[in-house]
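Visitor: Below you will find the structure I want to go over with you.
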Amino acid sequence: MTDIVWLDGQLVPPEAARFGLLTHSLHYGTAVFDGGRHYRLADGGVGVFRLDDHLRRFLASAESLWMTLPWRARQLRDATLAVVRASGRGDGYVRQLAFYGDQRIGLGAHNPVHVAVVAWEPGGPPGAPMKVRIASLGHGAGWIPTAKHAGHYGRAFLALREAQASGHDDALFLGEDGTVVEATGANLFIVRDGRLVTPPDHEPLLPGITRATVLALAADLGVPACEAPIPRHHLVTADEVFLANSAAELRPVVLLEGRRLPAPGPVTAALVARYRAVVRGEDPQRRPWIARVEDLA
Numbered sequence: 056m057t058d059i060v061w062l063d064g065q066l067v068p069p070e071a072a073r074f075g076l077l078t079h080s081l082h083y084g085t086a087v088f089d090g091g092r093h094y095r096l097a098d099g100g101v102g103v104f105r106l107d108d109h110l111r112r113f114l115a116s117a118e119s120l121w122m123t124l125p126w127r128a129r130q131l132r133d134a135t136l137a138v139v140r141a142s143g144r145g146d147g148y149v150r151q152l153a154f155y156g157d158q159r160i161g162l163g164a165h166n167p168v169h170v171a172v173v174a175w176e177p178g179g180p181p182g183a184p185m186k187v188r189i190a191s192l193g194h195g196a197g198w199i200p201t202a203k204h205a206g207h208y209g210r211a212f213l214a215l216r217e218a219q220a221s222g223h224d225d226a227l228f229l230g231e232d233g234t235v236v237e238a239t240g241a242n243l244f245i246v247r248d249g250r251l252v253t254p255p256d257h258e259p260l261l262p263g264i265t266r267a268t269v270l271a272l273a274a275d276l277g278v279p280a281c282e283a284p285i286p287r288h289h290l291v292t293a294d295e296v297f298l299a300n301s302a303a304e305l306r307p308v309v310l311l312e313g314r315r316l317p318a319p320g321p322v323t324a325a326l327v328a329r330y331r332a333v334v335r336g337e338d339p340q341r342r343p344w345i346a347r348v349e350d351l352a
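This is how it looks when you write it as structure tokens:
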């Protein structure tokens, strides 16, 4: 899966990054992570898309879980680029992970924090069409939705397994007010009457970096866009629906609660084309979003 790991300041082979069964994060979900794709650029180089934004969120997530990391953003940036370079792949996925170790067991144990960076080749092509249903589980509350805590993903795991068991690819969560919030690991967009709509970030959702990218690219293309609550009946009558996250990019929904949708519709197709040009470094305006592996000293 991966050829090299950066762990606590050193590049090591995967077999050197093993932890015991008493690892605190394994028992209590006390880990945070972030990550995104890297791409072979149009000029032949390799770049990680919006790495600095992912690292800012990673550090904020760690702070929200009372983690004191011994590494600053610049050091984690260099570590990420080093792992991507060592992987030898142009296109792939790279993840930052921080977790409490295995010195002591118990919920309140003050164990050391470990930090790792891992890269791998994601399975399947990005942007594949999806079949989606509404999750029977409620979205719930009581956590920090802007942080990527590993423990938050238990509900998402259950909803995804339920969707897969019924022949779907993903599930959408409804909020307490019945509006649609997000998918198990992606943000939701719909198109109605030519306008792009995504749930507002005051909802209990992760305001994704790809979500922000889509909104910026919509502005570039002159597509009207807004953040607004999406009632369930707006979802099932939308002209187009797609999900967005850093790993899978923009994925059009072609079957939603038994209703077939275009794959993809014209607005989705335009955004997908724009997104793919930007991540390959073909847009001079958006090149600052790309951290080049060649930038590593």
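Our numbering runs 55 ahead of the 1-based position in the sequence shown. Using N, Cα and C, we set each Cβ at its ideal position, and we do this for glycine too.
Are there 16 or more other CB atoms within 10 angstroms of the CB of H79, so buried, or fewer, so exposed?
Guide: H79 is buried by the Cβ-count criterion.
Visitor: Could you give the first and the last residue of the continuous alpha helix (DSSP H) run that contains T135?
Guide: That run of the alpha helix (DSSP H) goes 128 to 142.
Visitor: Ordered along the chain, which non-local residues of its own chain (more than five positions away) have a Cβ less than 8 Å from that of L276?
Guide: So the list reads A325, L326, R329, once near-sequence residues are dropped.
Visitor: Alpha carbon to alpha carbon, how far is I285 from A71? Give it in angstroms, no decimals.
Guide: Roughly 47 Å between the two C-alpha positions.
Visitor: Can you give me the C-alpha to C-alpha distance between Q219 and D225, rounded to a whole angstrom?
Guide: C-alpha separation (whole angstroms): 7 Å.
Visitor: Would you mind giving the Cβ-Cβ distance between V172 and Q151, rounded to the nearest angstrom? I have them listed as a contact below 8 Å.
Guide: V172 to Q151, Cβ: 5 Å. Contact.
Visitor: Return helix, strand or coil for P199, following the three-state DSSP convention.
Guide: The sequence given here has Ile at residue 199, not Pro. Coil, per DSSP.
Visitor: Does the distance from the C-beta atom of P307 to that of A293 stay below 7 Å?
Guide: Their beta carbons are not under 7 Å apart, which means P307 does not touch A293 by this criterion.
Visitor: In the structure shown, what three-state DSSP assignment does P307 receive?
Guide: If DSSP states are grouped into helix, strand and coil, P307 belongs with the strands.
Visitor: Give me the Cα-Cα distance between L77 and F212, rounded to the nearest whole angstrom.
Guide: Straight-line Cα distance between these residues: approximately 23 Å.
Visitor: For the alpha helix (DSSP H) holding H109, just list the boundary residues, first then last.
Guide: Per DSSP, H109 belongs to the alpha helix (DSSP H) from 106 to 119.
Visitor: Whose CA, out of D58, G163, A332, V252, lies closest to the CA of L298?
Guide: It is V252 whose Cα lies nearest to the Cα of L298.
Visitor: Quick check on DSSP: helix, strand or coil for P393?
Guide: This structure cannot settle anything about residue 393, because the visible part of the chain is limited to 56 through 352.
Visitor: Let me confirm a value: A283 is counted as buried when at least 16 other C-beta atoms fall within 10 Å, else exposed. Which label applies?
Guide: Flag for A283 reads exposed.
Visitor: Report the residue from E217, P262, E231, D232 whose alpha carbon sits nearest the alpha carbon of F244.
Guide: Looking at the Cα atoms, P262 is the closest of the given residues.
Visitor: For T234, I'd like the list of residues in its chain whose CB is within less than 8 Å of its CB, leaving aside the five on either flank, ordered along the chain.
Guide: Closer than 8 Å at Cβ, skipping near neighbours: P254, E258, P284, I285, P286, R287.
Visitor: When DSSP labels each residue in this structure, what does H79 get in the three-state scheme?
Guide: If DSSP states are grouped into helix, strand and coil, H79 belongs with the helices.
Visitor: In the DSSP output, which residue or residues are listed as bridge partners for L62?
Guide: According to DSSP, which records beta bridges pairwise, L62 is partnered with Q65, A171.
Visitor: What is the residue span of the beta strand (DSSP E) that V87 lies within?
Guide: Per DSSP, V87 belongs to the beta strand (DSSP E) from 86 to 95.
Visitor: Just reading off the alpha helix (DSSP H) that F244 is part of, what are its end residues?
Guide: First-last for F244: 242 to 247, but that is the beta strand (DSSP E), not the alpha helix (DSSP H).
Visitor: For V333, which residues of its own chain have a beta-carbon under 6 Å away from its beta-carbon, when the five flanking residues on both sides are left out?
Guide: So the qualifying residues of the chain are R341.
Visitor: For D225, which three-state DSSP category applies?
Guide: In the structure shown, D225 sits in a strand (DSSP, three-state: E or B).
Visitor: Between T135 and the rest of its own chain, which residues show a CB-CB distance below 7 Å, the 5 nearest in sequence each way excluded?
Guide: Excluding positions up to five away in sequence, the list reads V103, L106, V149, Q151, V172.
Visitor: V322 and E295 - do their beta-carbons sit closer together than 7 Å?
Guide: Yes, the pair counts as a contact, with Cβ atoms nearer than the cut-off.
Visitor: Could you tell me the alpha carbon to alpha carbon distance between A190 and L81, rounded to whole angstroms?
Guide: Going from the Cα of A190 to the Cα of L81 covers about 26 Å.
Visitor: What residue range is occupied by the uninterrupted alpha helix (DSSP H) comprising Q151?
Guide: From DSSP, Q151 is part of no alpha helix (DSSP H) but of the beta strand (DSSP E) over 147 to 155.
Visitor: Leaving aside the five residues before and after A115 along the sequence, list all residues of the same chain whose C-beta is less than 8 Å from its C-beta, in chain order.
Guide: Only T201, A202 meet the Cβ criterion.
Visitor: I'd like to know whether the C-beta atoms of I199 and S119 end up nearer to each other than 7 Å.
Guide: Cβ distance < 7 Å, so I199 and S119 count as in contact.
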